[in-house]
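In the working numbering, the protein residues as written are 10 to 91. What follows is one structure encoded as structure tokens, with my remarks underneath.
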């Protein structure tokens, strides 16, 4: 559990230091992944670490994503202040 919290902290820290950009063509390509990420990780976010299976499902989903979609997901999270 501590490792998961450290990983999530490092991801949040990375969000704060990088100015992400999502070109329109990448946004169109990744929009399904972006929408699905919110559905998969919503329960984990609401539970704030209390629901380990939900946290693991969220982490598994992000591990499957294409590398080229990360900037778009991070850009949307930054714009929406998630």
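Just so you know, even glycine gets a beta-carbon here, dropped at the ideal spot from N, CA and C.
Checklist entry - Is it the case that the Cβ atoms of residue 45 and residue 63 are separated by a distance below 7 Å? => result For the purposes of this step, residue 45 is identified with residue 36 of the chain shown, where counting begins at 1. For the purposes of this step, residue 63 is identified with residue 54 of the chain shown, where counting begins at 1. Not closer than 7 Å, so no.
Next on the checklist: Using only the alpha-carbon positions, how far apart do residue 36 and residue 49 sit?
Outcome noted: Sequence index remark: in the chain shown, residue 36 carries index 27 (1-based). Sequence index remark: in the chain shown, residue 49 carries index 40 (1-based). Looking at the two C-alpha atoms, the distance is approximately 19 Å.
Next on the checklist: For residue 20, count the other beta carbons within 10 Å of its own beta carbon; 16 or more makes it buried, fewer makes it exposed. Which is it?
Outcome noted: Position 11 of the chain shown holds residue 20. Counting Cβ neighbours within 10 Å, residue 20 comes out exposed, since fewer than 16 surround it.
Checklist entry - Between residue 42 and chain B, is there a C-beta pair that is closer than 7 Å? => result The structure shown has no chain B; it contains just one protein chain.
Item to check | Neighbourhood of residue 80 by C-beta, 8 Å cutoff - its chain only, sequence neighbours within 5 removed | outcome: Taking the chain shown and counting its residues from 1, one reaches residue 80 at position 71. For residue 80, where only same-chain residues beyond five positions count, the Cβ hits under 8 Å are 29, 30, 31, 35.
Checklist entry - Is the distance from the Cβ of residue 42 to the Cβ of residue 83 below 7 Å? => result As a working note, residue 42 is residue 33 in the chain shown. As a working note, residue 83 is residue 74 in the chain shown. No, these two residues do not count as a Cβ contact at 7 Å.
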